[in-house]
Every structure is written in structure tokens, then in C-alpha cells.
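*Asks:* In our numbering, the protein residues as written are 173 to 524. Glycine included, every Cβ here is placed at the ideal spot set by N, Cα and C. Everything numeric in this text was worked out from a predicted model, so none of it was measured. To start, I am sharing the structure in question, which I have written as C-alpha cells.
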Amino acid sequence: MLENLNEIEKTALEALASVQNESDLESWRVTHLGRNSSLMQVFSGLGGLSKEERPVVGQAANRVKVALEATLADKTESLKRSTLERSLSEEKLDVTLPGRTIHQGRLHPSTQQLRRVLAILAEMGFQVYTSREVETDQMNFQLLNFALHHPAREMQDSFYVDARERGDNPILLRTHSSPGQIRSMQEFSAKDPKNPPPIRIAMPGMCFRYEQITARSEIQFNQVEGLAVGEGITFADLKGMLTNFARRMFGVQARVRFRASYFPFTAPSAEVDVECFVCGGKGCQVCKGSGWLEILGCGMVHPVVLQNGGYDPKRYSGFAFGMGPERQLMLRYRINDIRYFWGNDVRFLEQF
Ligand code: DAH
173 MLENLNEIEK TALEALASVQ NESDLESWRV THLGRNSSLM QVFSGLGGLS
223 KEERPVVGQA ANRVKVALEA TLADKTESLK RSTLERSLSE EKLDVTLPGR
273 TIHQGRLHPS TQQLRRVLAI LAEMGFQVYT SREVETDQMN FQLLNFALHH
323 PAREMQDSFY VDARERGDNP ILLRTHSSPG QIRSMQEFSA KDPKNPPPIR
373 IAMPGMCFRY EQITARSEIQ FNQVEGLAVG EGITFADLKG MLTNFARRMF
423 GVQARVRFRA SYFPFTAPSA EVDVECFVCG GKGCQVCKGS GWLEILGCGM
473 VHPVVLQNGG YDPKRYSGFA FGMGPERQLM LRYRINDIRY FWGNDVRFLE
523 QF
């Protein structure tokens, strides 16, 4: 039996000497140390031996097992080392090769501009109020003092949903951010109908119009609506606030002019122009020779609109304005095609 063990050890060690790689080493382990190996059979045969033989053979078998396991560990280690050495010497690493650049994500230019606008407005006390993008005709038009068939609606061709069943109040994608005026006033006045709180909010978000898509018009775009309602608010407040906004946005030297205009939900209404910062007011292609660039619409909130929002027009007054961040970007960077904004072309987006 003891001779047999010596033989087992000798055979195993000889076989190990010729093992060259890790998979051969694994099959060596199964053959010589595995459950069905000759060595393990010696262990399972111990029970059949006499009392005197058992400890002697048991000890000898253990010694062989420990010895084989130790050699296996050594061999594993040396195989690993030689694999590493081979790969270091054969697979050359060229540290002078240029690395692959990691593309860093960034905010969409419209989002960046929205944030610039909101940051300036925030310093003037305007808090962000989010209003919904899917609206009713009532909110988008009627409560803003657009009569059912008023021609002013034609400026804002709409995407209607569910048009027929809802009669005169179909659902549509909001064509401007102004319905947020009604939503916010109704929400705030409902808190204390007899004594509604003053409002100073900025409402950013996407608007949609059923336009033919061209270099100048898109079917979706952002707007930021502003609304201030309280006691004693005048057109002078509107003018001062928007002039200040334009200087902060376009530079202290920016000259501003207010042009009389018409919107059903404000009276009086105006459009605001800044002096063209491309030509300094001399007239160029960007301002189409006029020297001025239009940046927003504004006005004193119409009494009917205040009333619809739950604010008594005899006691309260207010002003509102609406501007487009994409338009501002186009003016600022002389982007000549609005389709770039939603065209998903990284060559455009990477420039911001
Ligand atoms: N809602 C208007 C539009 O999209 C813009 C506008 C004009 C908003 C005057 C206002 C305003 O709040 O007072 O054409």
C-alpha cells in the first residue's frame, strides 16, 4: 500500500512537469487530486484496513496529498507569472498613441438660454411657475380674451386634439405660454378669493403651432411668460423692468424701444426691440436694415383677463410679457435657421 502511494506521487509529479498551461493544469488537478483520483481512492479504502495499518497508510496518504497540493500551488503561481511576462514582452504598449476623447454631455442651447432668462428674472423676484403644455381652447384663447372667431387666433394656428366632441372647447397643444396667466391667477386667487395675493412669476416651457416648417418657423419652440399682478402696478413698472432685463441680457449699452402693438389679453400692448447688436443700429442683414431687433411682446393685463383669473380689476392691475429663448439665441449668435434647434445635429449642438 505504501509503495502504491509512492508510485501515485511519482506519477503525479512527473505528469505535472510537462504541464504548460492553465487548462492542462486544471485537468492534472482533476486526475491526480480529484474525487476519482487514485489518491482519493486510497483515502476511501482506509476503512477496509486493519487497525495497525490504518494510521500508517492514512498519514502517508495525507503527506502525499499535502505535497501534491503544494506543488500545484507553486505551478499555478509560476504559470501566471510566465503568462504575464509573455504578454508584457509580446504585446507592446505604445503610450504615445493619442487617447480616445470622452465626449462630455451638456445642456441644450435652448435650456441654457432659458436658464439665463430665468436667472435674471429670479433676481427681480420672479419665481418659476410651471403650466401645462396640453390645454383647452378656453385657457389658451377664450379666457385670454380671444373671442371664438377672432382673427387674432389666426396668428397662432393650432394642433387640435379631440376637436369635435368638445364643441367650442377643444383640447390643443398650447400655442403660447400665456394660458399660464389664467392658470396661475386662478390657482392663487382660489387660496383667498376675497383677498388674492400678489403675483410675480416666470413661466418657461414648450409651445406648439401648426406651421409649415421653414428657416424662420418651427412647430415647437420655447417661451418664457412673465406675470406681475398686484395693487398699483403701472406701465412705468413694466417699462422699467423690461428695460433692465434687456440690459442685463444684451449688455449695459443696449438701447431699448417700446412699439405700440395689439394682443387681446393686454391693453395697452407693446412690442420691445433692442438696438441691433450686430450693426449697432446702423442697419444690417440681421436687423433687415431697421437697426432694431424685436425680442418680446408685453402689455398691461387686460381687465377681462384679471377678472377671469379671479382678480378684481378695480383693485388690481398687472403686466405681462412673453419672449422666445430660441429667437434670442438666433439674434445673439446669428443663427439663420430655426430648424437647427430640434434637428438633433451634434455639429450644431456642440457649439454651445
Ligand atoms: N403670447 C404672445 C405670443 O405668443 C406673446 C405675448 C405678448 C405674451 C404680450 C404676453 C404679452 O404676456 O403681454 O405671441
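Just the C-alpha distance for V450 and W514, rounded to the nearest angstrom, thanks.
*Replies:* 25 Å
*Asks:* Is C448 near the ligand DAH, with its Cβ less than 6 Å from a heavy atom?
*Replies:* Flag unset: Cβ of C448 not near the ligand DAH.
*Asks:* For the ligand DAH, is there a heavy atom less than 6 Å away from the beta-carbon of H348?
*Replies:* Yes, the ligand DAH has a heavy atom inside 6 Å of this Cβ.
*Asks:* Taking buried to mean at least 16 other C-beta atoms within 10 Å of its own C-beta, is V289 buried or exposed?
*Replies:* By the 10 Å Cβ count, V289 comes out buried.
*Asks:* Do Q525 and G481 have their CB atoms nearer than 7 Å?
*Replies:* Because residue 525 is not part of the residues shown, which for the chain are 173 to 524, the question remains open.
*Asks:* In the DSSP assignment, the beta strand (DSSP E) including M327 goes from what residue to what residue?
*Replies:* According to the DSSP assignment, M327 belongs to no beta strand (DSSP E), since it is labelled neither H nor E.
*Asks:* Measuring only the C-alpha atoms, how far is E241 from L265?
*Replies:* The alpha-carbon separation between E241 and L265 amounts to approximately 36 Å.
*Asks:* May I ask you to check if the CB of G471 is nearer than 6 Å to at least one heavy atom of the ligand DAH?
*Replies:* yes
*Asks:* Is T268 near the ligand DAH, judged by its Cβ being under 6 Å from some heavy atom?
*Replies:* no
*Asks:* Once DSSP output is grouped into helix, strand and coil, what is the label at T347?
*Replies:* coil
*Asks:* Quick check: does the Cβ of G377 come within less than 6 Å of any heavy atom belonging to the ligand DAH?
*Replies:* Incorrect: G377 has no Cβ contact closer than 6 Å to the ligand DAH.
*Asks:* Starting from the C-beta of S361, find all residues in its chain whose C-beta is less than 7 Å away, skip the five residues before and the five after it, and write them out in chain order.
*Replies:* P368, G481, G482, Y483
*Asks:* Using a threshold of 6 Å, is the CB atom of T302 nearer than that to any non-hydrogen atom of the ligand DAH?
*Replies:* no
*Asks:* Would you mind working out which of K411, V238, G463, A294 sits nearest V446, comparing C-alpha positions?
*Replies:* G463
*Asks:* Check whether the Cβ of G494 sits closer than 6 Å to any heavy atom of the ligand DAH, and report yes or no.
*Replies:* Short note on G494: C-beta closer than 6 Å to some heavy atom of the ligand DAH.
*Asks:* Compare the beta carbon distance of L501 and P281 with 7 Å and say whether it is the shorter of the two.
*Replies:* yes
*Asks:* May I have the straight-line CA-CA distance separating D364 from G496, to the nearest angstrom?
*Replies:* 33 Å
*Asks:* Just to confirm before moving on: does the CB-CB distance between V401 and Y301 stay below 7 Å?
*Replies:* no
*Asks:* Under 7 Å between the Cβ atoms of L185 and V191?
*Replies:* no
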